[in-house]
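In terms of the UniProt record's numbering, the sequence shown is residues 111 to 490. Every residue, glycine too, gets a C-beta built ideally from N, C-alpha and C.
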Amino acid sequence: VAKHLEKFKTTIFTQMSSLAIQHGAINLGQGFPNFDGPEFVKEAAIQAIKDGKNQYARGYGVPDLNSAVAARFQKDTGLVVDPEKEITVTSGCTEAIAATILGLINPGDEVILFAPFYDSYEATLSMAGAKITCITLRPPDFAVPIDELKSAISKDTRAILMNTPHNPTGKMFTREELNQIASLCIENDVLVFSDEVYDKLTFEMDHISIASLPGMYERTVTLNSLGKTFSLTGWKIGWAIAPPHLIWGVKQAHSYLTFATSTPMQFAAAAALRAPDSYYEELRKDYKAKKDILVEGLKDVGFTVYPSSGTYFVVVDHTRFGLADDISFCEYLIKEVGVVAIPTSVFYLNPNDGKNLVRFTFCKDEETLRSAVGRMKERL
Ligand code: GLN
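Written out as structure tokens, the structure reads:
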């Protein structure tokens, strides 16, 4: 394997999902729903296939999807973007992240990450030859240590790669934090790459896109996807939104990474994004009920549960159960209890920082969540 990938192992999600199958454990690890996406979106995909929309799509997205993304973004943020000049459709948000990094970052550029961070960020930054500076968000509220961020910015800092609502913690960046990050970026001429794939799964406050703050659109790439909002994580439809001078780099990287994305799924994605408000309200309500079952259950089991205001994840402190670290706790949980969680140390540059925390997902039907809680109550 090439040097820049040497230190990376099989992703934790792949490892944990195969252990789940091997041990017949309930999988509250990898974040994929165990229920299906909406009928009207599946119908739209079938229709597009039948209508012969089966050859290469236009590289940066079928026009119908670019328009639907722009309309949705305007509804969410008030920003009016040109669907032809400011949007690139990709194969999931993971590709959008990669295309953004490979298209806009030079070897040696510094990029700031907030730990814990989604695992693909570090690997893709490494592929681009970027230098990573990491700021750790700490429990209980995972607030942004703004002074640390300020001192981490140097003349070589090219971008901050952030994620709100935040995987794995469920933290949502507050308006105050976003304002502070924004002024640092403007002052120091730093870009923001903002991964917002959980923006529709919010329970306590409204999501804010940093691109919508004054002076920020011109320096922000906003990244999103279909998978979480429509319970279709296997479709791998994502996109990047940015002003023309930034989207050009993203589009160029995308052109040579995958060239284009599945054509019929893009037509269906456009139909999905035109869902009425009631769809989004219903989604939030369903997830709130699931979250309550899991969070109350985990508290009953005896975990210290950190508040999650968005995403379909919650992190807990496992230390009172007496296992050495997050990895040994998760192994015990799979083998002796029959439940899968994700150890969080893989989301830190320094694994020690995550050794007390594990992540559970609640994107499962209520019965599954109840039986997982039941097993933990009985066997932990
Ligand atoms: N984003 C999902 C998670 O954090 C899964 C991603 C993956 O499997 N690579 O669980």
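Can you grab the Cα-Cα spacing for the pair residue i / residue j, in whole Å?
i, j, result
"Tyr389", "Gln290", "33 Å"
"Asn460", "Thr243", "12 Å"
"Val426", "Phe457", "15 Å"
"Ile131", "Gly139", "12 Å"
"Gln165", "Lys346", "17 Å"
"Pro453", "Val468", "5 Å"
"Asp410", "Lys487", "8 Å"
"Ile403", "Gly218", "46 Å"
"Asp186", "Phe431", "42 Å"
"residue 73", "Gly213", "Past the boundaries of the shown model lies residue 73; the chain is included only from 111 to 490, so the question cannot be answered."
"Glu477", "Pro249", "30 Å"
"Ala178", "Arg384", "7 Å"
"Phe144", "Pro324", "Looking at the sequence shown, residue 144 is not Phe but Asn. Cα to Cα, the separation comes out at about 40 Å."
"Lys445", "Gly171", "45 Å"
"Asn298", "Tyr327", "15 Å"
"Ile159", "Tyr416", "44 Å"
"Cys295", "His428", "36 Å"
"Phe303", "His355", "14 Å"
"Ile351", "Ala363", "14 Å"
"Leu443", "Asn462", "20 Å"
"Pro255", "Glu149", "44 Å"
"Thr339", "Val405", "21 Å"
"Phe142", "Lys474", "8 Å"
"Ala292", "Lys260", "11 Å"
"residue 548", "Asp161", "Since the displayed the chain opens at 111 and closes at 490, residue 548 lies outside it and no answer follows."
"Gln376", "Leu433", "46 Å"
"Ala112", "Asn216", "18 Å"
"His114", "Arg168", "31 Å"
"Val300", "Ala269", "5 Å"
"Pro353", "Ile207", "16 Å"
"Phe183", "Ser201", "19 Å"
"Ile122", "Ser455", "10 Å"
"Glu286", "Glu258", "16 Å"
Could you please give me the residues that DSSP links to residue i through a beta bridge?
i, result
"Lys241", "Glu220"
"Trp345", "Its beta-bridge partners do not exist; DSSP assigns none."
"Ile452", "Arg469"
"Val331", "Phe303"
"Val425", "Arg469"
"Ile197", "Ile351"
"Ser271", "Reading the sequence as shown, one finds Leu at residue 271 and not Ser. DSSP output for Leu271 lists Leu223 and Phe303 as bridge partner(s)."
"Ile136", "Val449"
"Ala482", "According to DSSP, which records beta bridges pairwise, Ala482 is partnered with nothing at all."
"Val360", "Beta-bridge pairing links Val360 to no other residue."
"Ala253", "Arg248"
"Gly420", "Thr312"
"Val415", "Val426"
Please say whether residue j and residue i have beta carbons closer to each other than 8 Å?
i, j, result
"Val307", "Cys203", "yes"
"Ala240", "Leu367", "no"
"Val424", "Phe470", "yes"
"Glu196", "Gly348", "no"
"Arg489", "Val450", "no"
"Lys401", "Phe472", "yes"
"Ala253", "Leu247", "yes"
"Val199", "Leu235", "no"
"Thr330", "Ile320", "yes"
"Ser335", "Asp146", "no"
"Glu220", "Thr267", "yes"
"Ala378", "Ala181", "no"
"Thr371", "Lys163", "no"
"Ile211", "Ile245", "no"
"Gly464", "Pro226", "yes"
"Ile136", "Ala482", "yes"
"Leu288", "Asp305", "no"
"Ser322", "Leu189", "yes"
When the cut-off is 8 Å and only beta carbons count, does residue i lie next to chain D?
i, result
"Cys473", "The structure shown contains no chain D, having only a single protein chain."
Open item on the list: Using a strict less-than 6 Å threshold between each residue's beta carbon and the heavy atoms of the ligand GLN, what residues do you get?
Closed with: Thr121, Phe123, Gln140, Gly141 and Asn277
Task: the region 301-317 contacting the region 274-292, beta-carbon criterion three pairs below 8 Å - done: yes
Open item on the list: With three or more beta-carbon pairs closer than 8 Å as the criterion, would you say the region 432-439 touches the region 113-126?
Closed with: no
Task: the region 263-277 touching the region 225-238, judged by at least three CB pairs closer than 8 Å - done: yes
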